[in-house]
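First comes the structure, then the notes that go with it.
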Amino acid sequence: MRFPLKLNIDLTRYLVSNKLRKVEKFPLVLMLEPTHLCNLACSGCGRIREYADTLADEMSLEECLGSVDECPAPVVTITGGEPFLYSRIHELIPAVLAKGKHVYLCTNGLLLEDALDRMRNHPNLTLNVHMDGMEATHDRVLEQKGAFAAAVSGIRKAKRLGYRVWTNTTIFKETDLEEIDELFTILKGFGVDGFLVAPGFGYEAVGEKLFLERREIERKFREVFELSKRHRILSTPMYLRFLMGEKQLDCTPWGNPTRNPRGWKAPCYLITDAHYPTFREMMEKTDWSRYGVGRDERCSQCMMHCGFEPSVVSEVGKSWKDMWEMIVWNLS
Ligand code: SF4
Ligand code: SF4
8 MRFPLKLNID
18 LTRYLVSNKL
28 RKVEKFPLVL
38 MLEPTHLCNL
48 ACSGCGRIRE
58 YADTLADEMS
68 LEECLGSVDE
78 CPAPVVTITG
88 GEPFLYSRIH
98 ELIPAVLAKG
108 KHVYLCTNGL
118 LLEDALDRMR
128 NHPNLTLNVH
138 MDGMEATHDR
148 VLEQKGAFAA
158 AVSGIRKAKR
168 LGYRVWTNTT
178 IFKETDLEEI
188 DELFTILKGF
198 GVDGFLVAPG
208 FGYEAVGEKL
218 FLERREIERK
228 FREVFELSKR
238 HRILSTPMYL
248 RFLMGEKQLD
258 CTPWGNPTRN
268 PRGWKAPCYL
278 ITDAHYPTFR
288 EMMEKTDWSR
298 YGVGRDERCS
308 QCMMHCGFEP
318 SVVSEVGKSW
328 KDMWEMIVWN
338 LS
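Count along the sequence shown starting at 1, add 7, and that's the number in our numbering.
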């Protein structure tokens, strides 16, 4: 099974409960950024640029846990910045797990090997390590020599200790898919359980030329689709078809709400028009009808998973064919 059984059960229960209560807008994954502090300065990073003035700020442990309580999403992605630089990370992870949530911990891997000595494994915990290519490429994109070696050491140790480990790869304009094939083959050999692949987008705050535009994404992701026949890629088949230009989806910006030291970021992970003090205010005060492709110029090239994977969830229920495709994909 592609995703853990417990996650499938909890997600299904949550979706059915929202359907029965006729809740129209609900979150699936809380993106929790306790700090934007990072030990890297990757070329494509929007966060360290957008929040350059508040990089050293961090949420208190109580604020983090309060945010988890405010937002009913069954999955909490702890990210950043680099989450291992958050001063209370080793208290935060078990505390979120103790609330019955599923935790994806997104890290660049530099501190993973040492951090594992202070961590305890849990069935609802997944480590998600940033890997953008083989050694030379990865170190160049992350602008740090040794980043690949450090991440690989962390991954190998995590697998020896029995952790579920996924990797997360951003596909940029220059990404060579043959190299990604080689990378995934090596990572599979280390026991990595699945691969997340996302197109690189031009964050407002970055404005560089390494990002893909819509037509290029469609071309690149036809190659990624071929990779998905050989490797356990975790993007849903419908989202991959969307990325290949074969399926239309509307954005669901509230699906993956983001909480960081400034507040609840609206409207989405990618663009920022406001920060709200509470999740409820963010949901109620954001004019969601203003966002999405064709409604806001900043959305025109966006095919980001945080906006469109949640759309897959509502689409799947509309067609038996799509539902069957999802079931077969999840069991494979
Ligand atoms: S590791 Fe992540 S947060 Fe840090 S600079 Fe790179 S992309 Fe940004
Ligand atoms: S289309 Fe992209 S940028 Fe626009 S609201 Fe949706 S996720 Fe955000």
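Cβ atoms here follow ideal geometry from the backbone N, Cα and C, with glycine treated the same way.
Looking at chain B, is there any beta carbon in it that lies within less than 9 Å of the beta carbon of ALA157?
This model lacks chain B altogether; it includes just one protein chain.
Which of helix, strand or coil does DSSP assign to ALA212?
For ALA212, the pLDDT reaches just 48, beneath the cut-off of 50, and the residue's location in the model is therefore unreliable, although a value from the coordinates is still provided. In the structure shown, ALA212 sits in coil (DSSP, three-state: anything other than H, G, I, E or B).
Where does GLU211 land, buried or exposed, given buried means 16+ other C-beta within 10 angstroms?
A caution first: GLU211 carries a pLDDT of 49, below 50, which makes its placement in the model unreliable, though a value can still be read off. GLU211 comes out exposed.
For ligand 1, is there any heavy atom lying closer than 8 Å to the beta carbon of GLY153?
Outside the cutoff, so no.
Rounded C-beta distance between GLU230 and LEU184? I'm assuming under 8 Å.
4 Å
What's the C-alpha gap between SER67 and MET289?
20 Å
Contact under 9 Å by Cβ, ALA205 with THR177
yes
Reducing DSSP to helix, strand and coil, say where GLY270 ends up.
Shown here, GLY270 sits in a strand according to DSSP, grouped into three states.
Only counting the same chain, and skipping five residues up and downstream in sequence, which positions put a Cβ closer than 7 Å to that of GLU223?
LYS180
Leaving out the 5 sequence neighbours to the left and right, which residues in its chain are closer than 6 Å to ASN46 when beta-carbon positions are compared?
GLU89, LEU117
Quick check: MET333 and PRO244, are their CB atoms within less than 9 Å of each other?
yes
Rounded C-alpha distance that separates GLU40 from HIS145
23 Å
For MET346, count neighbouring Cβ atoms within 10 angstroms of its own Cβ and tell me buried if that reaches 16, exposed if not.
Since the first residue of the chain shown is 8 and the last is 339, residue 346 is not available in this structure.
Pairs of beta-carbons, one from the stretch 111 to 128 and one from the stretch 159 to 168, closer than 8 Å: are there three or more?
yes
If we count the other Cβ atoms within 10 Å of its Cβ and call it buried at 16 or more, is TRP261 buried or exposed?
Burial is judged here by how many other beta carbons sit within 10 angstroms of a residue's own beta carbon; TRP261 has at least 16 and is buried.
Would you mind working out which of GLY207, VAL110, GLY53, TRP336 sits nearest SER242, comparing C-alpha positions?
Minimum Cα distance to SER242 is reached at TRP336.
From what residue to what residue does the beta strand (DSSP E) around ILE178 run?
171 to 178
Simplified DSSP assignment, three categories, for CYS71
In the three-state reduction of the DSSP assignment, CYS71 falls in the helix class.
Is any heavy atom of ligand 2 found at a distance shorter than 8 Å from the C-beta of MET311?
yes
Look up HIS312 in the DSSP assignment and say whether it is helix, strand or coil.
helix
Taking the alpha-carbon of ARG305 as reference, which of TRP327, GLU253, TYR283, ARG221 has the nearest alpha-carbon?
ARG221
Roughly how many whole angstroms lie between the Cα atoms of ASP257 and VAL82?
Whole-angstrom Cα-Cα distance: 22 Å.
Nearer than 8 Å: is that true of the beta carbon of CYS306 relative to any heavy atom of ligand 1?
no
My output table needs one value for CYS113: the three-state DSSP class, helix, strand or coil.
strand
Return yes when the Cβ of ILE100 is within less than 9 Å of the Cβ of LEU149, no when it is not.
no
Under 9 Å between C-beta atoms of GLU271 and PHE286
One detail in the question is off: residue 271 reads as Trp in this sequence, not Glu. Closer than 9 Å, so yes.
Looking at ligand 1, does it come within less than 8 Å of ARG54, judged from the CB to the closest heavy atom?
yes
Under three-state DSSP, which class holds ASP64?
coil
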